[in-house]
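Take any residue in the sequence shown, note its place counting from 1, add 252, and you have its number in the numbering used here. By construction, the Cβ of each residue, glycine as well, lies at the ideal position given by its N, Cα and C atoms. As structure tokens, the structure follows; a few thoughts come after it.
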Amino acid sequence: MNIAIPLTDNGVFSLHYGSSAKVGLYEVDPLRRAILRSAEIVPPVAEPCEWDAWLGTRNVRILLAGGMGRGAQARMVESGIEVIAGLPAAEPQEIVQAWLEGRLVPGPNACEGHGKHHEHDDRHPGQPHGNGHRHCCH
């Protein structure tokens, strides 16, 4: 079984799904509660809101995210991927291990309630995120 985590350019857990640059893929054994393999991969499509089909082809069954809008979540579910959003900042491997051990505690999803695609960056309002992608809370 594979779990995906959105990452920034430098491999840190991306708290805003829409500003992710790559994905951490973790092959796990839930029965043994073990991570078998991990890799950081840059998806073939730059826009995270379009990663659902690609993640489905990678046999991803769970996406662990910080802030993620309802539209992006719905696309993941349509591709057979369960989304757990509202996760706090942590090391990606620690997040996966917490899920495996049943101690993952989601908090508020920063993107809940947004009804349309919007661009924002807390440091530069109205501008795309640092990697040039729009924030996809929609």
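Note on the stretch 287 to 321: whole beta strand (DSSP E) runs with a minimum of 3 residues are 312 to 316, in chain order. Sorting E334, E353 and I314 by C-alpha distance to the C-alpha of E279 places I314 at the top.
Ranked by Cα distance from G321, the first of A298, N311, S290 and V335 is V335.
Residue state for L277 is assigned as strand, using DSSP reduced to three classes. Scanning its chain for C-beta atoms nearer than 7 Å, with the 5 sequence neighbours on each side dropped, one finds around N361 the residues G319, M320, A337 and G338, in chain order. Between A298 and the set V312, R284 and L259, the nearest pair of CA atoms involves L259. Residue burial is scored here from C-beta neighbours: V312 has at least 16 other C-beta atoms within 10 angstroms and is therefore classed as buried. Around the Cβ of A256, a 10 Å sphere holds 16 or more other Cβ atoms; the residue is buried.
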